[in-house]
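Novice: For the sequence shown, the numbering used here gives the first residue as 10, with consecutive numbering after it.
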Amino acid sequence: MANLNPASVSPPTPPLPLDADEFRRQGRQVVDFIADYYDRIQEYPVRPAVSPGFLSRQLPNAAPSWPEPDAFSAALRDVRDLILPGVTHWQSPRHFAHFAATASNVGALGEALAAGLNINPFTWAASPAATEIEVVVLDWLGKALHLPEKLLFCGGGGGTLMGTSCEAMLCTIVSARDKKLAEVGEDRMGDLVVYCSDQTHFSFKKAAHVVGIRRENCREIPTRRESGFALSPDALEAAVRADEAAGRVPLFLCATVGTTPTAAVDPLRELCAAVAGHGVWVHVDAAYAGAASVCPEFAHLAAGAEAADSFSTNPHKWLLANMDCCALWVRSPAALVAALGTDDGVILKDARSSGHELAVDYKDWQVALSRRFRALKLWLVLRCHGVEGLRGFVRGHVRMAATFEGMVRADPRFEVPVPARFALVCFRLRPTVHGDGTDKATNELNGRLLEAVNATGRAYMSCAVVGGMYVLRCAIGNSLTEERHVREAWSVVQEQAAAVLMPVAAGAAAADSTARSNEHTDEVEDGRCTETTVHEKCRLFLQKKRKMAPLSDDASCTCAT
Numbered sequence: 010m011a012n013l014n015p016a017s018v019s020p021p022t023p024p025l026p027l028d029a030d031e032f033r034r035q036g037r038q039v040v041d042f043i044a045d046y047y048d049r050i051q052e053y054p055v056r057p058a059v060s061p062g063f064l065s066r067q068l069p070n071a072a073p074s075w076p077e078p079d080a081f082s083a084a085l086r087d088v089r090d091l092i093l094p095g096v097t098h099w100q101s102p103r104h105f106a107h108f109a110a111t112a113s114n115v116g117a118l119g120e121a122l123a124a125g126l127n128i129n130p131f132t133w134a135a136s137p138a139a140t141e142i143e144v145v146v147l148d149w150l151g152k153a154l155h156l157p158e159k160l161l162f163c164g165g166g167g168g169t170l171m172g173t174s175c176e177a178m179l180c181t182i183v184s185a186r187d188k189k190l191a192e193v194g195e196d197r198m199g200d201l202v203v204y205c206s207d208q209t210h211f212s213f214k215k216a217a218h219v220v221g222i223r224r225e226n227c228r229e230i231p232t233r234r235e236s237g238f239a240l241s242p243d244a245l246e247a248a249v250r251a252d253e254a255a256g257r258v259p260l261f262l263c264a265t266v267g268t269t270p271t272a273a274v275d276p277l278r279e280l281c282a283a284v285a286g287h288g289v290w291v292h293v294d295a296a297y298a299g300a301a302s303v304c305p306e307f308a309h310l311a312a313g314a315e316a317a318d319s320f321s322t323n324p325h326k327w328l329l330a331n332m333d334c335c336a337l338w339v340r341s342p343a344a345l346v347a348a349l350g351t352d353d354g355v356i357l358k359d360a361r362s363s364g365h366e367l368a369v370d371y372k373d374w375q376v377a378l379s380r381r382f383r384a385l386k387l388w389l390v391l392r393c394h395g396v397e398g399l400r401g402f403v404r405g406h407v408r409m410a411a412t413f414e415g416m417v418r419a420d421p422r423f424e425v426p427v428p429a430r431f432a433l434v435c436f437r438l439r440p441t442v443h444g445d446g447t448d449k450a451t452n453e454l455n456g457r458l459l460e461a462v463n464a465t466g467r468a469y470m471s472c473a474v475v476g477g478m479y480v481l482r483c484a485i486g487n488s489l490t491e492e493r494h495v496r497e498a499w500s501v502v503q504e505q506a507a508a509v510l511m512p513v514a515a516g517a518a519a520a521d522s523t524a525r526s527n528e529h530t531d532e533v534e535d536g537r538c539t540e541t542t543v544h545e546k547c548r549l550f551l552q553k554k555r556k557m558a559p560l561s562d563d564a565s566c567t568c569a570t
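1. Going by DSSP in three states, Thr412 sits in which element: helix, strand or coil?
2. Nearest by alpha-carbon distance to Thr120: which of Asp333, Arg234, Arg278 is it?
3. Using 10 angstroms around the beta-carbon of Ser82, count the other beta-carbons present and answer buried if the total reaches 16, otherwise exposed.
4. Could you give the DSSP three-state label for Thr97: helix, strand or coil?
5. Alpha carbon to alpha carbon, how far is Trp290 from Ala248? Give it in angstroms, no decimals.
6. Excluding the five sequence neighbours on either side, which residues of its own chain have a C-beta within less than 6 Å of the C-beta of Phe211, listed in chain order?
7. Helix or strand or just coil, what does DSSP make of Glu229?
8. How is Met451 classed by DSSP in three states: helix, strand or coil?
9. Measure from the alpha carbon of Arg381 to the alpha carbon of each residue in Gly172, Leu91, Asp200, then state which is nearest.
10. DSSP beta-bridge partners for Trp327?
11. Quick check on Tyr53: does DSSP put it in helix, strand or coil?
12. Look at the alpha carbon of Arg400 and the alpha carbon of Phe108, and state the distance between them as a whole number of angstroms.
13. Buried or exposed for Arg482, going by 16 or more other Cβ atoms inside 10 Å?
14. If you pair each beta-carbon of the region 481-495 with each one of the region 407-422, do three or more pairs fall below 8 Å?
15. To the nearest angstrom, how far is the alpha carbon of Val203 from that of His218?
16. Quick one: Cα of Phe320 to Cα of Gly486, how far?
17. Does the beta-carbon of Gln67 have 16 or more other beta-carbons within 10 angstroms, so that it is buried, or is it exposed?
18. Given this structure, state the Cα-to-Cα distance separating Trp99 from Leu337, to the nearest angstrom.
19. Which full runs of the beta strand (DSSP E) of 3+ residues lie inside the region 418-497, going along the chain?
20. Check each candidate in Cys180, Tyr47, Ala106 and name the one with the smallest Cα separation from Asn114.
21. Quick check: the Cα distance between Asp207 and Ser241, rounded to an integer number of angstroms?
22. Compare the Cα-Cα distances from Ala1 to each of Arg86, Asp275, Gly256, Leu156 and report the closest residue.
23. If you measure between the beta carbons of Leu260 and Leu201, is that distance less than 8 Å?
24. Skipping 5 residues on each side, what residues in its chain have a beta carbon closer than 7 Å to that of Cys281?
25. For His104, which residues in the same chain have their Cβ closer than 7 Å to its Cβ, ignoring the five residues on either side in sequence?
26. Which residue wins for smallest C-alpha separation from Asn425, given the options Cys435, Arg224, Ala419?
27. If you draw a straight line from the C-alpha of Asp87 to the C-alpha of Val183, how long is it?
28. Who are the near neighbours of Tyr297 in its chain, counting only those whose CB is closer than 6 Å to its CB and skipping five residues on each side?
29. Roughly how many angstroms lie between the CA atoms of Val146 and Leu329, to the nearest whole one?
30. With a CB to CB cut of under 7 Å and the five nearest residues on each side skipped, what residues in its chain are close to Val258?
31. My guess is that Val407 and Ala300 are in contact by the Cβ rule of under 8 Å, so how many angstroms apart are they, rounded?
32. For Gln375, is the classification buried or exposed, using 16 other Cβ atoms within 10 angstroms of its Cβ as the cut-off for buried?
33. Are the Cβ atoms of Pro102 and Glu504 separated by less than 8 Å?
34. Enumerate, from N- to C-terminal direction, the unbroken alpha helix (DSSP H) stretches of 4 or more residues contained entirely within the region 69-139.
35. Over the uninterrupted alpha helix (DSSP H) stretch that includes Met178, give me the two end residues.
36. Let me know the secondary structure DSSP gives Leu387 once reduced to three states.
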């Protein structure tokens, strides 16, 4: 009998962490897996029908002590059989819920290449080529987006790549805060005020809170449907002057190009003019729609940005750069460095790099020390698609959105409360009662429509509440989306609209029937009352004429004849 004592069993030889032959074999497996996934992605419902805990119940409660034979292949099978059925498929051509996280072959392979090189370019000395390609690619992208030269390295400004716009907001507010406190004194921290609209992304208020801005000092200025939900320069200026009059210190304005609810565009030039002379840092959050500026017909979006202090957009949203990739440009890089810069002998620097414009220590432009080599994938995207290729990509989605909007407007059951902007269409079922469409019944009806559409798994959309109106959002932007997917999505909406409207129609019909029945009953009652009165008159007439006792109830009446 074999000895079953675990202590006598030789452990398997662990795999080498980096082995060229295994890397080739496993790399081919991953590439084939991803390619097969994209081939089959339409077979999956866009959003999984799962409940919390569905995956944890299928996985062991502890990591294995030793890997199983060919563990990588086994793990890929689990990704296919356990994980993919439980993810929301962001790359599905039927995903219209959020601003896209676009993907491309070169974007994904650029990520793989950066992960394989696995460098940490926090200073120029830590990886000179990685730093310089980031400097170059940020100027490339800024020029492609028609940004003012003063925001680029070539114009005295500069750019960097971060993970998300939330990081860009945080770093710029910190820079504005430290610059302002150096002017007015550290003891004025509680008086600093920041400004945004009620359409600004919630991450702005979160970043302001992290920086130390008091919650009551975040001015969320209301917008109106009549002005397209854009921030009013007059309202902004009034708020700034009121704060100054009250002894507070205006600090920061976040203007938006392409708000999340409706893709509204704030008037940059007018907003910059409204705060000119008040010492307010102006940041432009163009996370979504900034990419559209690559097209000359949308270049006006950056008009006025020459007076802004910073500008950010996410190439991972609409420029094929794969998650995650946020580009931030600042007019004065020294302000970032003053607030976020550190100096430590452990961090290697190269004396040759001192003072050179290309020798940027990017650790001093962000909160973290370590950073990813994001510039590589963006450089690959720009090289392999070119500016014209990116323009064609954006324009294709804009055309699809126009098609979707046209189909919505052609259906009398629906309305488009705000015109489609870029590749976002906001729409809703028309109000069920007379009024401005903000009634509870209409909003709840549209909420049920959204739930019904998403439950089909054949389309995935989202919602927003603007001006009291609940609207559905169809955001077109995925790399695999074609016009046929947009038309199919509209068919799903129409089918589900018919289903959710059926009870409403039935209820209205029942109410109408009840009203008609009540009306008929009233008429009958009125007739009976009239009939009784006539009968009574007839009885009195007969009594008087015949001079006889009152007629019995069953006495005949001849008035009808």
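Ideal Cβ positions, reconstructed from N, Cα and C, are used throughout, including at glycine. Note that the structure is predicted; figures quoted are calculated from it, not measured.
Specialist: This is what the structure gives:
1. helix
2. Note on identity: in this sequence residue 120 is Glu, with Thr being the wrong assignment. Measuring from the Cα of Glu120, the nearest candidate turns out to be Asp333.
3. exposed
4. coil
5. 15 Å
6. none
7. strand
8. According to the sequence provided, residue 451 is Thr. The question's Met does not apply to it. Looking at Thr451 - three-state DSSP - the assignment turns out to be helix.
9. Gly172
10. According to DSSP, which records beta bridges pairwise, Trp327 is partnered with nothing at all.
11. coil
12. 17 Å
13. buried
14. yes
15. 10 Å
16. 22 Å
17. exposed
18. 24 Å
19. 433-438, 471-475, 478-484
20. Tyr47
21. 11 Å
22. Only positions 10 to 570 of the chain appear in this structure, which leaves residue 1 out of reach.
23. yes
24. Val291, Gly313, Ala316, Ala317
25. Val55, His98, Tyr469, Asn487
26. Here residue 425 turns out to be Val, not Asn, going by the sequence shown. Nearest C-alpha to Val425: Cys435.
27. 44 Å
28. Phe108, Gly267, Lys326
29. 15 Å
30. Lys189, Val193, Arg197, Asp200, Leu201, Val202
31. No, Val407 and Ala300 are not in contact; Cβ-Cβ is about 11 Å, not under 8 Å.
32. buried
33. no
34. 80-87, 114-126
35. 174-193
36. helix
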